[in-house]
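Residue numbers (the UniProt record's numbering): 1 to 590.
Data block below; observations after.
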């Protein structure tokens, strides 16, 4: 399927989510245009009566009232169209945002690692908002074009075939010009959106890295880089607007010339008496009504191109392949062994992250995963979280393939504790519960919450917060220290723990006192559970039941600390070359 077909399919599918709102809005807009034809007939009638029949106001009262009623109806229909398209646009925007968010969740963090936060924000916010112009401006402008010109031609032909001929001959010229001008404008729109995505990414990265930029005295250079991209975006935007205004100007010119030609023809025929005044004046009023929908559609064509360019970005994101998930919702049974058998994972760039990896983990074990950067540690965790599917090989619970079980049920059994877990904006209680194990009122379970806080060694600092567990924290744990945020993440793990715990060295970057408290909490979390830890510290490695050493996506050593030291292999060399306070393994910077 081509990119254009994908975009058209996306627009059609999104339009159906608005239900009857858009058909009602377009019908109202078309009827609004038809009221202009009736108003033109009544105006011609009134002028004819006043000028030629010398009729007084009383004789024209009914027609004036009908004309006022038509203008009022026209106003009401215009407001109704605006209201319906606003509601439809909002519904479609919510649908697209939900689709994007659902697709992002199904892609998972590993497949989104190569997408900058700025690009994600631009697609989810700017692109979704950009498509609204299609529903609110383009379609309402196009609807009268499908109705008014054919109706006006049908009315004009029996009254005066010459005027109908001029209208019919000029009609194809305007859409033809729109098509020719639209190709160049569409390319300009695509450049504009590409520049906007890059600008958003640069700006967000600059804000996130502001402390480093200040320390390195590179803030001015970043300001200049963002300024250059902003200037490029301004130039691209002005290019789009120039093409849009040029096409509108040419449409106005064609419409004005055509109306003038109709007026001259009617004038000559009125002079020679071959056309009566009422018919001639009515046709003269119809001529602008014939071209008005085409002119309006031309002025809104840039809205369609903007929406199409935005829809292409959304389609491209939705086209990214997601891991295949079994349609069978078989619950995950209790298991005694978790086995990876000859698993190979390759990324889109062709890089092999795991190369025939085989590993067996017994329930209740604490296994430390060590290896140099790029050895496959993060990919292994991505596999176990269900974010990645292997290109070959498989994962088994006892002898049952994990792919045949419910992915949702499996993820509920996995607790992931990262080096820097994300804490969303909201209360401390909500950040710990994350929508799990709620009471009937929708609040976190108090007993479970306080037990989790106690087990995570987080009671002391939460008690010091202004409102305890009801204290509002900022996005990303803003307002908390690194140690406090990590204890919050640990409390989240205790709140609804699964039987499998994945830890990415949660004691990294912490002071000794906080590290000791979190280590104690991790010992509690281990009880009765299986734990895998990506280890960067020797103390963590020694504490594990087994140590698995990865290299180039394969297991090269596996065994307890003392046994691996005795082998004198890779692990022994890592330990021998430890630095500083002898707590960090060389090569263990992820």
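Just so it is clear, CB atoms sit at the ideal spot from N, CA and C, and this is done for glycine as well.
What does DSSP give as the partner residues of residue i in its beta bridges?
i, result
"residue 341", "394"
"residue 504", "534"
"residue 646", "The chain is shown from 1 up to 590; residue 646 falls before or after that span and cannot be answered."
"residue 361", "338"
"residue 346", "352"
"residue 438", "444"
"residue 473", "426"
"residue 19", "For residue 19, which the question treats as bridged, DSSP gives no partner whatsoever."
"residue 371", "550"
"residue 401", "396"
Which residues bound the alpha helix (DSSP H) around residue i?
i, result
"residue 548", "From DSSP, residue 548 is part of no alpha helix (DSSP H) but of the beta strand (DSSP E) over 546-551."
"residue 237", "219-271"
"residue 570", "570-576"
"residue 417", "Not the alpha helix (DSSP H): residue 417 falls in the beta strand (DSSP E), residues 414-417."
"residue 144", "139-159"
"residue 288", "277-299"
"residue 70", "57-111"
"residue 495", "482-495"
"residue 518", "512-526"
"residue 118", "117-121"
"residue 128", "128-133"
"residue 461", "459-464"
"residue 332", "No alpha helix (DSSP H) holds residue 332; DSSP gives it neither H nor E."
Answer yes or no: do residue i and residue j have a C-beta to C-beta separation smaller than 9 Å?
i, j, result
"residue 305", "residue 189", "yes"
"residue 338", "residue 395", "yes"
"residue 487", "residue 458", "yes"
"residue 490", "residue 532", "no"
"residue 553", "residue 352", "yes"
"residue 343", "residue 392", "yes"
"residue 128", "residue 314", "yes"
"residue 124", "residue 159", "no"
"residue 112", "residue 121", "no"
"residue 167", "residue 153", "yes"
"residue 299", "residue 248", "yes"
"residue 66", "residue 42", "yes"
"residue 311", "residue 10", "yes"
"residue 376", "residue 402", "no"
"residue 372", "residue 551", "yes"
"residue 456", "residue 513", "no"
"residue 595", "residue 271", "Because the chain here runs from 1 to 590, residue 595 falls outside it and cannot be looked at."
"residue 244", "residue 301", "yes"
"residue 21", "residue 84", "yes"
"residue 335", "residue 417", "no"
"residue 483", "residue 510", "yes"
"residue 110", "residue 442", "no"
"residue 39", "residue 75", "no"
"residue 52", "residue 282", "no"
"residue 294", "residue 175", "yes"
"residue 565", "residue 555", "no"
"residue 57", "residue 177", "no"
"residue 308", "residue 186", "yes"
"residue 438", "residue 431", "no"
What are the boundary residues of the beta strand (DSSP E) that residue i is part of?
i, result
"residue 559", "554-559"
Assuming the contact rule is C-beta atoms closer than 8 Å, residue i and residue j should be a hit. Round their C-beta distance to whole Å, please.
i, j, result
"residue 502", "residue 318", "Actually they are not in contact, since the Cβ atoms of residue 502 and residue 318 sit about 29 Å apart, beyond 8 Å."
"residue 557", "residue 570", "6 Å"
"residue 170", "residue 258", "4 Å"
"residue 433", "residue 444", "4 Å"
"residue 428", "residue 462", "6 Å"
"residue 411", "residue 386", "6 Å"
"residue 332", "residue 406", "7 Å"
"residue 201", "residue 118", "3 Å"
I want to see whether chain D comes within less than 9 Å of residue i, judged by CB atoms only; does it?
i, result
"residue 110", "Note that chain D does not occur in the displayed structure, where there is just one protein chain."
Examine the ligand NAD and report whether any of its heavy atoms sits within less than 8 Å of the Cβ of residue i.
i, result
"residue 359", "Among the components of this structure there are no ligands whatsoever, and the ligand NAD is therefore not found."
Mind the definition here: the segment 129-136 touches the segment 40-51 only if three or more C-beta pairs lie below 8 Å; say whether that holds. By the C-beta criterion, the segment 129-136 is judged not to be in contact with the segment 40-51, since fewer than 3 inter-stretch pairs fall below 8 Å.
Under 8 Å, with one C-beta from each stretch per pair, do the segment 439-452 and the segment 486-500 reach the 3-pair mark? Verdict: yes, contact present.
Pairs of beta-carbons, one from the segment 86-98 and one from the segment 17-36, closer than 8 Å: are there three or more? yes
Taking contact to mean at least 3 C-beta pairs separated by less than 8 Å, is the segment 216-223 in contact with the segment 258-268? no
On the three-pair Cβ rule with 8 Å, is the segment 162-174 touching the segment 186-206? Flag = no, the segment 162-174 and the segment 186-206 do not touch.
Any chance the segment 29-42 sits against the segment 139-149, with 3 or more Cβ pairs inside 8 Å? yes
Pairing CB atoms from the segment 529-546 with CB atoms from the segment 503-513, are three or more of them under 8 Å? yes
Within the chosen definition, does the segment 540-559 reach the segment 360-373 through at least 3 CB pairs nearer than 8 Å? yes
Evaluate contact between the segment 141-160 and the segment 279-296, counting only Cβ atoms and requiring at least three cross-stretch pairs below 8 Å. yes
Using 8 Å as the Cβ pair cut-off and three pairs as the minimum, do the segment 222-240 and the segment 190-199 touch? yes
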